Amino acid sequence: EVRDEILNYVINGEFKGKTFDELAKFVDTFGARPSGSEVLEKSIDYMIQLARDEDLKDITTEEVEVPHWVRGEENITMLEPRVKNIALLGLGPSVSTPPEGITAEVIVFNDFDELENATNDEVTGKIVLFDPEFTTYGETVVYRSQSATKAAAKGAVASLVRSITQFSINSPHTGSQVYGDDVNKIPTAAITLEDADLIRRLVDRDVKVKLNIRMQSTLDTKTSRNTLVDLKGTVLPEKLVIVSGHIDSWDVGQGAMDDGGGLFVSWAAPVILKRLNLRPKRTIRSIFWTAEEPGLVGAYAYEKKHRNESDNINFIMESDEGTFAPLGLAVSGSQKARCIIGEILKLFESIGASELVEDDSPGSDIAVIIKTGVPGAGLHNANEKYFWFHHTEGDTMNVEDPDELDLCAAFWTAVAYIIADISDDIPRE
Amino acid sequence: RVLSKESVCQSLLGEELIHEIASYG
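Line by line, the protein sequences are chains A and B. Taking my numbering, I'd label the letters of the first sequence as residues 9 to 437. Taking my numbering, I'd label the letters of the second sequence as residues -8 to 16.
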């Protein structure tokens, strides 16, 4: 009756509210935890101590070189057809503008095909705004990550993107972007749905829109750490079932949702099992990834460092898409692997978490490891509003719900325990 | 997405493993 023991302890028993309370203490203490910052390193030290306080002894850290992009002053003023402040967030690691800013006319494209069909003369010297409608994150986020490169190739002097979200109260959403090789690095930022749509309407009426963009930032490299907390298995300690979330966040908001919730349900798994004196046959490893936001930097470093032992990863799990009410798992793996996980999920019908969604690339950090053939899963949860808050000042504790966090922590812990304890390994392709 | 059919899983896993997993509940 392991499932019931874990669920009761977390949902009704001594652990009730603990995940939320510890997350709140953490978020209130450290706030945002950007890659390369001192506050991120202090928050890592705090999590190590929090695990030690629970009598977890197998804790290691692994150093990783990470980007340290620091946002400076940013503002955009619409100069024509009228003066208006435009809310923005620069996209890391955007370059700065000259101190006086960049003043230019805006040209708007709905998608990359429209840009490709425009002549260089039409784009050269202008600010390009991409205004795609949000469909799915995966489909739409390319306009954040690639817009600067695509616009620069056509001669643009800066690029803007309509924030990657379905909903806005004039909230810009930051995120990462990548400069391609051999293109001019131009400043790039996200603006709000409201301002992007305003500019679109003006331009569609053949009204000239002129902006002044001022953005300052610095970029260097620092050393950070992935953190590994092990609850050693009783029979096959070399074999791993990994639960994980990332500890870094963007510099706006406080990273309570992205990915404080995922971090703390993954912290909770070995803690709950230790408290209940439940030790599965295989080792449960909780990983707190560093520097996920600038490009899965911690995950790439872990994959490289542990490549020779990757056969020992029996299953890898990650929560980085919200810790709202759990619905089940988004699973990548062989047919037999999915069948085993499906049978395990049947045990969670009572809490509404028995859905198995097939997904070739669940999670963010763990995608790096899953693509090498390791089976894994992301937490499938009721996250319809996740992108309302994602990478904004709104990512605070108010997004989190204590009862939903309890359900996630209980589900996460019980699933990891069962996978780590059953007779069969999770088979690969 | 498409979920695995129950019958496919039953033959892949076998009764013993299915019963073992169910025993955790």
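For every residue, glycine included, the Cβ atom is placed at its ideal position computed from N, Cα and C. Remember, predicted model here, so these are calculated numbers, not experimental data.
Starting from residue i and walking both ways along the beta strand (DSSP E), at which residues does that stretch end?
i       : result
T69(A)  : 66 to 88
T235(A) : 218 to 239
D336(A) : For the record, residue 336(A) in the displayed sequence is Gly; it is not Asp. Per DSSP, G336(A) belongs to the beta strand (DSSP E) from 334 to 340.
L15(A)  : Looking at the DSSP string, L15(A) is not in any beta strand (DSSP E); the run it does join, the alpha helix (DSSP H), is 10 to 15.
K92(A)  : 92 to 94
E363(A) : 363 to 366
Taking Cβ-Cβ distances shorter than 8 Å, what residues in chain B pair up with residue i?
i       : result
E351(A) : C0, L4, L8, I9, I12, A13
A436(A) : Rather than Ala, the amino acid found at residue 436(A) in this sequence is Arg. By Cβ distance, chain B contributes nothing, its closest Cβ being about 14 Å from R436(A), past 8 Å.
I374(A) : Residues of chain B passing the Cβ test: none, with the nearest at roughly 18 Å.
V10(A)  : Y15
I426(A) : I12, Y15
I250(A) : Those within 8 Å of I250(A) in chain B number zero; the least Cβ separation is about 20 Å.
I348(A) : L4, L8, I12
Could you tell me if the beta carbon of residue i falls within a distance shorter than 7 Å of some heavy atom in the ligand HEM?
i     : result
E6(B) : By its list of ligands, the structure shown contains no ligand whatsoever, and the ligand HEM lies outside what it can speak to.
Just the chain B side, please: which residues come within less than 7 Å of residue i by C-beta, in chain order?
i       : result
D432(A) : L8
I19(A)  : Result: empty, since nearest Cβ-Cβ is about 15 Å, beyond 7 Å.
I280(A) : The contacting residues do not exist; I280(A) stays about 15 Å from chain B at best.
I378(A) : By Cβ distance, chain B contributes nothing, its closest Cβ being about 16 Å from I378(A), past 7 Å.
What are the partner residues of residue i, as DSSP defines its beta bridges?
i       : result
E326(A) : S252(A), G386(A)
I110(A) : I221(A)
F117(A) : F138(A)
L97(A)  : A198(A)
L271(A) : DSSP, once it has assigned bridges, lists no residue as partnering L271(A).
L244(A) : R290(A)
The alpha helix (DSSP H) with residue i in it runs from where to where?
i       : result
E412(A) : 410 to 429
E49(A)  : 46 to 61
V376(A) : 375 to 378
F395(A) : 394 to 397
K354(A) : Premise fails: K354(A) is in no alpha helix (DSSP H) and is neither H nor E.
E11(B)  : -3 to 13
T27(A)  : 26 to 38
Name the chain B residues whose beta carbon is nearer than 9 Å to that of residue i?
i       : result
L355(A) : I12, A13, Y15, G16
Q343(A) : S(-5), V(-1), C0, L3
- prompt: Quick one: any contact between the stretch 338 to 352 of chain A and the stretch 360 to 368 of chain A, if contact means 3 or more CB pairs under 8 Å?
  reply: yes
message: So, does the stretch 221 to 229 of chain A touch the stretch 93 to 109 of chain A, judging by three or more C-beta pairs under 8 Å?
response: yes
- prompt: At which residue ranges does the stretch 283 to 327 of chain A contain complete beta strand (DSSP E) runs of 3 or more residues, listed in the order of the chain?
  reply: 290 to 297, 321 to 326
- prompt: Along the chain, which unbroken stretches of the beta strand (DSSP E) at least 3 residues long are found entirely within the stretch 119 to 203 of chain A?
  reply: 135 to 138, 166 to 170, 196 to 199
- prompt: Per the contact definition of three or more C-beta pairs closer than 8 Å, is the stretch 143 to 162 of chain A in contact with the stretch 122 to 134 of chain A?
  reply: yes
- request: Please determine if the stretch 38 to 47 of chain A and the stretch 67 to 82 of chain A are in contact, where contact requires at least 3 C-beta pairs separated by less than 8 Å.
  value: yes
- prompt: Does the stretch 384 to 400 of chain A come within contact of the stretch 313 to 332 of chain A, defined as at least 3 CB pairs closer than 8 Å?
  reply: yes
query: Within the chosen definition, does the stretch 226 to 244 of chain A reach the stretch 86 to 98 of chain A through at least 3 CB pairs nearer than 8 Å?
result: no
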